[in-house]
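Each remark here refers to the structure printed beneath this line.
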Amino acid sequence: MSQNHLYIAPKLELLQQLTSHSDIVNHVVMTQNTASVLCAVEPISEYTQATNTIESKDIVSQWVLTSESFTSEFISQLADHINQPYWLLGTVNQCLDVSSIKIQLSVELTNVQYNELITLCNDAKVDINNVLVLPTLNQPGLVVLDMDSTSITIECIDEIAKLANVGDQVSEITELAMQGKLDFSQSLISRVSKLKGIELSLLDTIANNLPLMPGMAELVIQFKKNNWKVAVASGGFTYFADNLKELLSLDDAVSNTLTIADGKLTGEVEGQIVDAQVKADTVEALAKKYNIGMNQTIAIGDGANDLKMMEKAALGIAFHAKPLVQEQADLAINFGNLTSVIALLSHQ
């Protein structure tokens, strides 16, 4: 059984000494300002400040920290937490524009340890997630994303409402629905009713300039490179979701259809409303359509209307989400962009 070792070298001179032993150094990663160095090497006791040894069969939990970059101060503070025989800190990995560190434990965290670690990460704007079991990026899979405030940075219905001078009224209802304080279907009907009379041509100013969420385009590229299907399931509208599908070459887009008459919105929605249950059913239906096992499915969203599809998928990810959604999701990305999803999966 292979064993892993971590050594923390605080000085650049020590890094140079360690790297001179090229036959025994496995990984060497320097932090941004070279004030601290992480080295995963075979035992060299005279250079060691902190060592950890865990056999892989003993690992009971695995945490991955992701950030745009890790400061030497954060690395030093993190090292203080892991200076115990049942913690293993891996080296810093770089995936796209995301840096990540994996922590493995042979015992569960105590409440005190957990709270200290969460506080440390939150203060540094570092995302931390328990990722012992994840879908594998190296096999075909399916990822279904919410659209508004997840795949794109806006809530399309709120943008339409601004054109109708009812923006405040609609955004207030939107917020309550996102928090799970209003039934989604009823809230949608109420909001859409306020859009009656809007010229369809005005929607083009939104549909033709959809602001992508940072990392969205790269997320799609990376998943498709690995033979994954990428789709959106949205409580928003086809007028925008279909544009997004074409823009990013998505495999599917499921959303609501606004009723139009004489080139204007009637204030109604056609057909079945895409609510939480329909989103969950969409994950299952698309997995069946593409012959993908449910163990290889991911759902990503930010509002209460996404909870059922996140529960249906093998992995539910809350992205810059409401507190209720963060609490119930498998993973939460609160600080990073969407490429953090790829970085997390890359640790499998």
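Counting in this note's numbering, the sequence shown runs from -17 upward without gaps.
Here a beta-carbon is modelled for each residue, glycine too, at the ideal position from N, C-alpha and C.
Because the structure is a prediction, the values reported are computed rather than measured.
| Check | Outcome |
| --- | --- |
| What runs of the alpha helix (DSSP H), each 4 residues or longer, lie entirely inside the segment 177 to 265? | 182 to 189, 198 to 207, 220 to 230 |
| Are the beta-carbon atoms belonging to K261 and K290 less than 8 Å from one another? | yes |
| Could you check where the alpha helix (DSSP H) with K163 kicks off and where it finishes? | Per DSSP, K163 belongs to no alpha helix (DSSP H) and is neither H nor E. |
| With a cut-off of 8 Å, do at least 3 Cβ pairs link the segment 196 to 211 to the segment 318 to 325? | yes |
| Could you spell out where the beta strand (DSSP E) holding V126 opens and where it closes? | 124 to 127 |
| Kindly list the residues whose CB is nearer than 6 Å to the CB of V386, restricted to its own chain and excluding five residues on each side of it in sequence; keep chain order. | The requested residue 386 is not part of the displayed model; the chain covers only -17 to 330. |
| Smallest Cα separation from D284: which of D40, T132, L184, V89? | T132 |
| Helix, strand or coil for N112? Go by DSSP, reduced to three states. | strand |
| I need the DSSP call for G149, collapsed to helix, strand or coil. | helix |
| Rounding to the nearest angstrom, what Cα-Cα distance links T248 and T118 in this structure? | 45 Å |
| Would A296 and Q278 qualify as a contact pair, given that the criterion is a beta-carbon distance under 8 Å? | yes |
| Taking all protein chains shown into account, decide if G298 is buried (16 or more other Cβ within 10 angstroms of its Cβ) or exposed. | buried |
| For V126, which residues from the same chain have a beta carbon less than 6 Å from its beta carbon, with the 5 sequence-adjacent residues on both sides left out? | A213, A215, V265, A281 |
| Would you report the Cα separation of L313 and Y96, rounded to the nearest angstrom? | 15 Å |
| Please list, in chain order, all residues of the same chain as L114 whose beta carbon is under 7 Å from its beta carbon, the five residues on each side excluded. | S43, Q44 |
| Nearest to S169 by alpha carbon, out of K176, K178, L177, A159? | A159 |
| Leaving aside the five residues before and after F56 along the sequence, list all residues of the same chain whose C-beta is less than 6 Å from its C-beta, in chain order. | A106 |
| Within 10 Å of its beta-carbon, does N104 have 16 or more other beta-carbons around it, so buried, or fewer, so exposed? | exposed |
| Would you list, in sequence order, the uninterrupted alpha helix (DSSP H) runs of no fewer than 4 residues that lie entirely inside the segment 60 to 109? | 93 to 105 |
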